[in-house]
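Shown next as structure tokens:
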């Protein structure tokens, strides 16, 4: 059983729903931590000989093309995390297309590889945003990883539990009549209560009791399903700059960051991990080899 390992590569201030960071003109003057923290992640993965998918924000890639090259040269998959870190449901099809096209162009220019997959900021692909899948296909993407199958603050897309039965991916029909492969975030069923919760990424990985996270992976393996693990560079920052926010949001964003690397290492010792594309059975040859861009 191979689980999907992924990282959303963004700065510590690229948080959805934080009013203080809504003004993009402020971003350039802020302290930046994404490069050293992502290099830390690359070092940890190298020690464990594990490959993963790095969904890189176009804004970051444009400023750190060398970082994107290092990710690709280490054998990892590079995917898009949008350019501006704007929620999908805040876009029109036209502005989403512009944002996605710009991000893909920046990433492919930096690493010389095809971008196959996309993950929306804050998993913000919700009901009514199915048009986004057609835009992704028009831009040459092979899969999406934006569906969060339980309710959350900035997303949530209902998904039948049985849809996971044949593997990690789900195929969705798009409004144009085509179809796209979707890699939803993983959920587990709570013992006794029967309620489904996320367990395998970001704040969930840091805040939940460790025995519960391990049980979530055990549930998936016993059912023959791959789980999806996701983290951000700022999840690894035990100290550093922080943002003003509501108490609960602050707890979820900052609690136990000093435990993230230890927990990731523990999971990599217990389980096998690979890129999102490989876990989904998508051919990565087109992504792994240099290509000549059309004029």
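Numbering (our numbering), first residue to last: 3 to 297. Each residue gets a CB set at the ideal place from its N, CA and C atoms; glycine is no exception.
Query raised in the report: Going by the beta-carbon positions, is the gap between residue 4 and residue 230 smaller than 8 Å?
Result: Position 2 of the chain shown, counted from the first residue, corresponds to residue 4. Position 228 of the chain shown, counted from the first residue, corresponds to residue 230. No, they are not a contact pair.
Residue 10 by DSSP, collapsed to three states: which one? The residue you call residue 10 lines up with position 8 of the chain shown. Residue 10: strand per DSSP, three-state reduction.
Worksheet item: Does the Cβ-Cβ distance between residue 93 and residue 123 come in under 8 Å?
Response: Position 91 of the chain shown, counted from the start, is the residue given in the question as residue 93. Position 121 of the chain shown, counted from the start, is the residue given in the question as residue 123. Not closer than 8 Å, so no.
Give me whichever residues DSSP pairs with residue 199 in a beta bridge.
Position 197 of the chain shown, counted from the first residue, corresponds to residue 199. Partner(s): 190.
Separation of residue 264 from residue 114, as counted between CA atoms: Position 112 of the chain shown, counted from the first residue, corresponds to residue 114. Position 262 of the chain shown, counted from the first residue, corresponds to residue 264. Note on geometry: alpha-carbon atoms of residue 114 and residue 264 lie some 33 Å from one another.
- Query: Between residue 141 and residue 29, what straight-line distance do the alpha-carbon atoms span, to the nearest angstrom?
  - Reply: Along the chain shown, read from residue 1 onward, the residue named residue 141 stands at position 139. Along the chain shown, read from residue 1 onward, the residue named residue 29 stands at position 27. The alpha-carbon atoms of residue 141 and residue 29 are separated by roughly 28 Å.
Tell me where the alpha helix (DSSP H) around residue 55 begins and ends. Taking the first residue of the chain shown as position 1, residue 55 is located at position 53. Looking at the DSSP string, residue 55 is not in any alpha helix (DSSP H); the run it does join, the beta strand (DSSP E), is 55-58.
In the DSSP assignment, find the unbroken beta strand (DSSP E) run with residue 232 in it and report its ends. Against the chain shown, residue 232 aligns to sequence position 230. Where residue 232 is concerned, the enclosing beta strand (DSSP E) stretches over 230-233.
| Candidates 102, 158, 279, 108: closest to residue 139 by CA position | Locating residue 139 in the chain shown gives position 137, where the first residue counts as 1. Closest option to residue 139, Cα to Cα, is 102.
>> In chain order, what are the residue ranges of uninterrupted beta strand (DSSP E) at least 3 long that sit wholly in the region 237-264?
In response: Segments of the beta strand (DSSP E) lying fully in the region 237-264: there are none.
Query raised in the report: By Cβ distance, which residues of its chain are closer than 6 Å to residue 7, with the 5 residues on each side in sequence left out?
Result: Taking the chain shown and counting its residues from 1, the one referred to as residue 7 is at position 5. So the list reads 54, 231, 275, once near-sequence residues are dropped.
Indicate the three-state DSSP secondary structure (helix, strand or coil) for residue 183 in the structure shown. Within the chain shown, numbered from 1, the residue matching residue 183 stands at position 181. In the structure shown, residue 183 sits in a strand (DSSP, three-state: E or B).
- Item | Reduced DSSP category for residue 148 - H, G, I as helix; E, B as strand; rest coil | Sequence index remark: in the chain shown, residue 148 carries index 146 (1-based). Correct three-state label for residue 148: coil.
| query | In whole angstroms, what is the alpha-carbon distance linking residue 234 and residue 245? | reply | Your numbering for residue 234 matches position 232 in the chain shown. Your numbering for residue 245 matches position 243 in the chain shown. A straight-line Cα-Cα distance of about 16 Å links residue 234 and residue 245.
- Query: What do you reckon, are the CB atoms on residue 105 and residue 82 nearer than 8 Å?
  - Reply: Here the question's residue 105 lines up with position 103 in the chain shown. Here the question's residue 82 lines up with position 80 in the chain shown. Yes, they are a contact pair.
Please classify residue 150 as buried or exposed, where buried requires at least 16 other C-beta atoms within 10 Å of its C-beta. For this step, residue 150 is matched to residue 148 along the chain shown. With 16 or more other Cβ atoms within 10 Å, it is buried.
**Study point:** Extent of the continuous beta strand (DSSP E) run through residue 80
**Key:** Sequence index remark: in the chain shown, residue 80 carries index 78 (1-based). 79-82 is the extent of the beta strand (DSSP E) around residue 80.
* To do: Apply the 10 Å Cβ neighbour rule to residue 10 and answer buried if 16 or more other Cβ atoms are within range, or exposed otherwise.
  => Here the question's residue 10 lines up with position 8 in the chain shown. Buried, by the Cβ-count rule.
Quiz prompt | Contact check, residue 176 vs residue 132, beta carbons under 8 Å | solution = Start at 1 with the first residue of the chain shown, and residue 176 comes out as number 174. Start at 1 with the first residue of the chain shown, and residue 132 comes out as number 130. For residue 176 and residue 132, yes; Cβs fall inside 8 Å.
Practice prompt. Can you tell me the Cβ-Cβ gap for residue 2 and residue 200, rounded? I've got them flagged as a contact below 8 Å.
Written response: Here the chain covers residues 3 to 297 and nothing more, so residue 2 does not appear.
query: Which one or two residues does DSSP pair with residue 41 in a beta bridge?
result: Taking the first residue of the chain shown as 1, we reach residue 41 at position 39. In DSSP, residue 41 forms no bridge with anything.
* Just grab the DSSP bridge partners of residue 5 for me. => In the chain shown, residue 5 corresponds to position 3, counting from 1. Beta-bridge pairing links residue 5 to 275.
| query | Would a C-beta distance cut-off of 8 Å place residue 277 and residue 237 closer than the cut-off? | reply | Here the question's residue 277 lines up with position 275 in the chain shown. Here the question's residue 237 lines up with position 235 in the chain shown. Cβ atoms of residue 277 and residue 237: not closer than 8 Å.
Hey, would you say the C-beta of residue 60 is under 7 Å away from at least one heavy atom of the ligand NAD?
Among the components of this structure there are no ligands whatsoever, and the ligand NAD is therefore not found.
Using only CA atoms, which one of 220, 193, 148 lies nearest to residue 173?
Counted from its first residue, the chain shown places residue 173 at position 171. Looking at the Cα atoms, 148 is the closest of the given residues.
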